[in-house]
Structure formats: structure tokens, C-alpha cells
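According to the numbering used here, the sequence shown is numbered sequentially starting from 48. For glycine and all other residues, C-beta sits at the position ideal for the given N, C-alpha and C. Quick caveat: nothing in here was measured; it's all calculated off a predicted structure. Heads up, the thing below is written out as C-alpha cells.
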Amino acid sequence: MNITVKNEKLNKWIQEVSEMCQPDDIYVCNGSKEEYDNMIKKLIESGIAIPLKKRPNSFLFRSDPSDVARVEDNTYISTPTQDKAGPTNNWIAPEELKKTMRDLYKGCMKGRTMYVIPFSMGPIGSPISKIGIEISDSPYVVVNMHIMTRVSDRVLELLGSEGDFIPCLHSIGAPLAEGQEDSKWPCAPIEQKYISHFPEENLIWSYGSGYGGNALLGKKCLALRIASAMARRESWMAEHMLILRLTSPEGKQYHIAAAFPSACGKTNLAMMQPSIPDWKCECVGDDIAWMKIGPDGRLYAINPENGFFGVAPGTSYETNPMAMDSLKENVIFTNCALTDEGDVWWEGMDGDVPTHTIDWKGNDWTPESTTDAAHPNARFTAPASQCPVICEDWEKPEGVPIDIFIFGGRRSTVIPLVHEAFNWDHGVFLGSTAASETTAANIGAVGNLRRDPFAMKPFCGYNMGDYFQHWLDMGDKLGDNAPKVFYVNWFRKRPVGNFLWPGFSDNRRVLKWMCDRVEGKVGAVESSIGFLPNQEDIDLSGLDITPDDMKELMSVDADALNAEISDIENHFSIFGDHMPERLKQQLKEFKRRLG
Ligand code: GTP
Ligand code: SPV
Ligand code: MN
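Here you go:
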């Protein structure tokens, strides 16, 4: 081990884990640039990181084709009883799961270095921040954690000898025998992958995958699953939400937090540049929001992350110029294609399609190929500080006051472009019934409609019925200070299949309507699902959209909504006693309105 660790709990844990996992070596990270550069150098030497000639200090990695996204079917919330994890989470009793995993962990780091990564979610030392220590045998994880979280020796100083932290144990699950040659992306087969959470002990155990949220444990595992359980105990909120600041031409600031499921537009909305002149949009966060009620009774949000782990395909100067500008240097790319000029490429990038690339599997690819050059869940890891529109207050320990909540998802039919909740309870109803077509962010089928309440189905660390109640309770605490709630759908399609709404920077037109509603400047039409905008109140100036398309986008069809009632009833029924009466009442009222 390279340094002496003073913290007693950490020392004991390092010892226990190293005895179990039997690494060749232990290295405690300090988060320095030198450390990052050294790790990258080794990764280049072993042919794992490919330096990009066109982007300074940027590297491409290719994962194993079996390890390309989160594995929800192998993700567990291990509470003492199954009832505490609830019907939307996989559950195995803690002792049984730990036994299975201990057997897997036994000797799993043989031939490898065990890295100890001290990190802070939120600015180091801020009262809202949480300290985690990830133990991992993946150098790819170390360099990604350097960007996504605040890795630093200051975290260890802050811990002192008695301080507490959230232990996050990770192994790729691929020990090396004497003399065995390593593969480029070692990992375990799917049946040995376990992403496990023990919320009552604030403990995370991950085994078998090196990709994204399975392995960068500060993100979904700590900042959402463990944090959501802490948040409920301590009366705050940990949500799968972007945070943005809009400033009106008059200089008034509005802060918006929006929950869309994975690969449904958070990063894009968070960095959006308004197509309407004189409005300014700044990014506070693109994936996770931690929110607490401030001394003035309003809800304040911080982004606990330090970087963006964003979906590459579809990202372009046309759709998300601020993301593209964040990717000029110091970026890790995973599963993108490599061009002959030594740059990355993915489907949907600006400019001509290259005549030849090496695809994400390392094979030759040409436009005639029938497969994708970049994997649909190819990602970039970029420091948030590199975003040209990062908000100057993004690291403010007290956060920013939220005025507006937005829920949404990918719905090719039925759900209109935007609607507003009648009140808080109705807003919680909209969040609790949110549905979306599945995406490549999880291993599994793509395009299937599923209920994904609050975009938290894969990330809620306890019984989701209790989570709904927590939202109702937070509303009661906030009273008149509660943010207004809206629901959007950028993804409605024509019967022939293309999107009706231009999306991206034009989403700003919808956000402006929301701000006008907050100010009470415009009215709205009451419908069965909520308030709808008056046609003339959505600014469509300069937009090439036909009145017919607009009508289709905003249409609310009672028959189509009625057809979903039984699905909502089934969805609510799985929560049994945990389902709040107030939401059952909302469903009754919805049915009455539908007639
Ligand atoms: P995670 O990082 O998985 O949580 O995803 P995310 O919610 O941040 O989604 P992201 O913004 O990365 O968008 C995912 C995909 O949706 C990309 O391919 C985008 O190009 C596409 N997308 C985002 N916003 C819009 C939009 O307004 N309209 C359309 N049609 N597509 C969009
Ligand atoms: C998501 O799937 O919502 C992500 C990517 O943000 S991952 O970090 O892999 O969970
Ligand atoms: Mn996400």
C-alpha cells in the first residue's frame, strides 16, 4: 500500500477486502492530475486506451460486447425484508446475497491492483455532500471516477481518524492466473453480475461489470439508490433529475429540475441553448439532483456530480452544441467509433458520414455496414467545468431554488407535448404514473412501454410506494413554496414514424410557457390530464411547424387515455398497503374526468 490510512473504519475495511479479494497490490488514490496521467499512460501501453489525435488528452475505450449498459435485472436492493425493497426492485435477503457475493469476491482481484478511491459527491466539505470510498480493481473506473466525482486526498483528511463514509466495493470479477494474459475489457458473465445495495447499512457491493452505472459507484448506486433511502429518513430528496437555470430578458431567474428516464433527454435539456432570443440557459447538472428545504422554506438543489457521463449517439452541434463544446479535450469516450483521422464518431454527429471507421467492437465499418458504428449506449465522460454554459453557481453548497419540476418520457403516442398538474398531489400522480419506451441505457429490449415513476424505477433504494408518500410529505412540508409541476413529451411521432416536435433548442418554447404560468401571465385550458396551453401562448415564432402538427402534438384523446387506465390500476395495485390513499384518490378523479 502506497500510504498509511488514518481512518480506522477505512483501514479495517481495506484489510478485510484485500484478504477476501487477494489483489497483488493496493494503491490509495489522491485524485491528482499526475495520478490520472500515469494511469492513462499504463492503459495506453496495454492497448486499452486509444489516444485520439484530434482531441487533446482524450481517449477511446472499447468495452466487451456483453458489458455495454446498466444491468437492471442483476441490480438488487437488499433490505432485511422484501417489503422494504418493494415490488419494483429485485431483492435477495442480505445474508444470502452477501454469502453469494463473498464467494465471488474470494480471490477475484488476483493478478490485479486494488485501487482505493476516496471521493466526495458534492463539493468537498460542503454540509450537503457525502463521502464515499470506492474500492475497485478497474483502472478504467479510477480515471472515470476522477472526472465524475471529486476524488482527492483532501477527502481522507476530512475523514480524519473517526469520520464515516459510504463503502462502495467494486470488482470486474476477472482474476488473473499466473502468467495469464489479460483481455482488453475483462468482466464476468451476465449470470455472475451483481449490483447490490444494502440501504440500511449504507453499503454497496458491485461485481462483474466495468460499465457506467454498474461500476462508477458514486453515480446511480450512491447518489440515487443509497441517497434516496437516506433522503427519506432525513426528509430530503435524491432524484434522477437535471437542473438548469433560465434567465428571462428582464433578468429574472427560474430554476428547473426535470426527471426523464435514461436516454430520454436530460443532458440535452440541461445544456440547451434557447432558440428564443434574450433568454439565457445555464446548466447546473445533467443527471442527479439532491434537494433540501432551505431556511426560507423553498426547495434547494445541488448537483452531486463533477462530470457528465452522457449518451454520445445523437449528440451534435445541431442538437447539443454545448455538449459538443464540452468534449473538445480531456474526455474519455467509451464504445464510440474511431475514424481514420484519429477522432471519435457516432451516429447522428454533424458532417458527412465517414467512409470508413473502426466500429465499437474494433472491426472495420463503412456506411454500407448493417450494424452501428457506435454502440447506441456509447458514452462520453467529460468534466462539468468544461461546459461553456455551466452555471456560475453550480458548486454553491446551498444549491439553487427550484421553481419548476418536469416529468416526462419517450411516448410516440397519446401524451401531449406539455401539460401542467392541477396541484401538488396531481403532480405526484403524474410522476407516479410516468411511462416511457425503454432505451439502450439498460441491457434488454428497446422501445417497450413501461411505467417508470419519476424516472426512478431503476434507482429507488426502497419501496416505491413509500417513495410516492415521501413526495406527498415533501409537498406538505413545502406548502405554497412547492414548485409547479409539468409533464412533457418531446417524442410524439406521426403515424409514419418521425417526430412531430423539433425538440432540442426549441424545447425552450415550452419552458417559456412554464415560466409564464409561474408568473401567472397566461391562462390555460383544463383537460382530463391537466392544464393545457392556449394555442397562442406557446411562442412558435420562426418555427416551421404546421397548425395540423401542432394540433396533433397537443391532442388529448380520451379513448386512448381510457385504454391506459387498467394499466395504471395494475401498476398501483402492486404496491398494496404502501400505495398512498391520496394517489388512489387522484386516479379516481382522473377516471371521473375521462368520463
Ligand atoms: P442518461 O444519461 O441515460 O440519463 O440520458 P439523458 O436523459 O441525459 O438523455 P440524453 O439527453 O443523453 O438524450 C438521449 C437521446 O435522446 C439522444 O440520442 C438525444 O439526441 C435524444 N434527444 C434528447 N432530447 C431530444 C429532443 O428534444 N427531441 C428528440 N427527438 N430527441 C432528443
Ligand atoms: C442512466 O442510465 O440513467 C445513466 C447512465 O445516466 S449510467 O451511469 O450508466 O447509469
Ligand atoms: Mn441518467
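Applying a distance threshold of 6 Å between residue Cβ atoms and the heavy atoms of ligand 2 selects R117, G259, G260, K266, K267, S309, D334, F356, A488, given in chain order. Under the three-state reduction of DSSP output, F427 falls in the strand class.
In this structure, S105 is the residue among D111, V198, S105 with its C-alpha nearest to the C-alpha of G389. Boundaries of the alpha helix (DSSP H) around R556: 554-565.
In this structure, C68 keeps its C-beta atom at 8 Å or more from the C-beta atom of S295. Taking non-hydrogen atoms of ligand 1 into account, the C-beta of K313 is found less than 7 Å away from one of them. A direct Cα-Cα distance of roughly 14 Å separates T428 from P103. For N77, the three-state secondary structure derived from DSSP is coil.
Between S322 and the set S602, R556, C383, the nearest pair of CA atoms involves R556. Assignment of P594 by DSSP, reduced to helix, strand and coil, places it in the helix class. For the stretch 498-527, there is no continuous beta strand (DSSP E) assignment of 3+ residues that stays within its boundaries. S373 and F355 have their C-alpha atoms some 9 Å from each other. Look at the beta carbons and you see the stretch 338-357 not touching the stretch 567-583: under three pairs across the two are nearer than 8 Å. The continuous beta strand (DSSP E) containing K531 extends over residues 531-535. Annotation for A96: no alpha helix (DSSP H) segment contains it, and DSSP assigns it neither H nor E. At a Cβ-Cβ threshold of 8 Å, M48 and I73 count as neighbours. The beta carbon of T366 sits closer than 7 Å to at least one heavy atom of ligand 1. For V358, the shortest C-beta to heavy atom distance toward ligand 1 is below 7 Å.
F108 places its beta carbon less than 8 Å from that of T381.
Nearest Cα to A468 within the set S459, S479, R458, T460: S479. In this structure, W393 has its beta carbon at no less than 7 Å from each heavy atom of ligand 1.
Excluding sequence positions up to five before and after W60, its CB lies within less than 7 Å of the CB of P214, all in the same chain and listed in chain order. Taking all protein chains shown into account, Q227 has fewer than 16 neighbouring C-beta atoms within 10 Å of its C-beta and is therefore exposed. Collapsing the DSSP output to three states places A359 in coil. In this structure, M338 places its C-beta atom within 8 Å of the C-beta atom of M284. The stretch 286-304 and the stretch 135-152 do not touch, with fewer than three beta-carbon pairs separated by less than 8 Å. Separation of the CB atoms of I405 and A384 is rounded to 6 Å, and the pair is thereby assigned contact status at 8 Å.
Cβ contact annotation for L600 (same chain, cutoff 7 Å, sequence separation greater than five): P463, L464, R539, L547, W548, in chain order. For Y187, the enclosing alpha helix (DSSP H) stretches over residues 186-195.
Straight-line measurement puts the Cα of A502 at about 15 Å from the Cα of Y509.
If you compare the alpha carbons of I449, D114, R541, P594 with that of C234, the shortest gap goes to D114. Cβ-Cβ separation between G169 and I437: approximately 15 Å, too far for a contact (criterion under 8 Å).
By the criterion of a C-beta distance shorter than 7 Å, L558 is surrounded in its chain by L293, I303, once the five residues flanking it on both sides are discounted. For G544, the Cβ stays outside the 7 Å cut-off from all heavy atoms of ligand 1.
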